[in-house]
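In this text, residue positions in the sequence shown follow the numbering used here: the first is 41, and each later residue adds one.
Note that beta-carbon positions come from the ideal geometry of N, C-alpha and C, so glycine has one too.
Some notes on the structure that comes next.
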Amino acid sequence: MSAPLVVDTEAIEYFAAKLRHETDPSDVAAALAAGDAFVLVDTRSHAAWHQGRARGAVHIPRAEIAARAATEIPAGTPVVVYCWGPACNGATRSAIEFLMLGYEVKEMIGGFEYWAREGLGVVDDAGEVDLAPDRLTTPLGEPGCDC
């Protein structure tokens with residue numbers, strides 16, 4: 041006779057909470073393409089924004105969120121924030137800033153680094169930037185990881 045199945049409800053709650061508060065680049069790109077109602081916010085510096093950003097993002101550096109958010113993003117509009125990448129906690133800090141203003145917020149894990157590495161739309165001040173997908177982050181020739 042085998043032991044009864046034990047479901048770890050604490051772990052389920054933990055992972056469900058992560059999904060309520062985090063998203064990833066391919067899901068964000070799909071949501072933008074579908075016309076979902078949210079604003080993708082690049083919270084990096086002005087220099088970083090000019091160097092390159094996710095197509096469809098608006099720019100509000102973290103230090104300017106409190107002063108600009110209410111005039112640029114209508115109340116009640118969900119927000120997805122990103123910064124440089126996994127080694128940067130700027131998006132986490134930015135999420136807190138938006139939450140303190142009453143916005144519903146998700147953090148795009150992987151940040152701009154993984155957006156670009158997945159070959160998603162990148163623009164800079166000169167226009168479109170053609171970046172090939174990185175085979176370590178996304179299946180080549182496929183419309184996403186389907187995960």
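- Close CB contacts of Ala69 within its chain, under the 6 Å cut and outside five residues either way in sequence, are with Leu160 (chain order).
- Contact between the segment 52 to 68 and the segment 142 to 151 is present: 3 or more CB-CB pairs across the two stretches fall below 8 Å.
- According to the DSSP assignment, Val68 belongs to the alpha helix (DSSP H) that extends over Pro65 to Ala74.
- In the displayed model, Ala172 falls within coil according to three-state DSSP, outside both helix and strand.
- Restricted to the segment 91 to 173, the beta strand (DSSP E) segments that are unbroken, complete and at least 3 residues in length are 119 to 122, 145 to 148, 162 to 164 and 167 to 169, listed in chain order.
- Per DSSP, Leu80 is one residue of the beta strand (DSSP E) stretching across Val79 to Asp82.
- Contact between Ala109 and Leu141 is confirmed by a C-beta separation of about 5 Å, below the 8 Å threshold.
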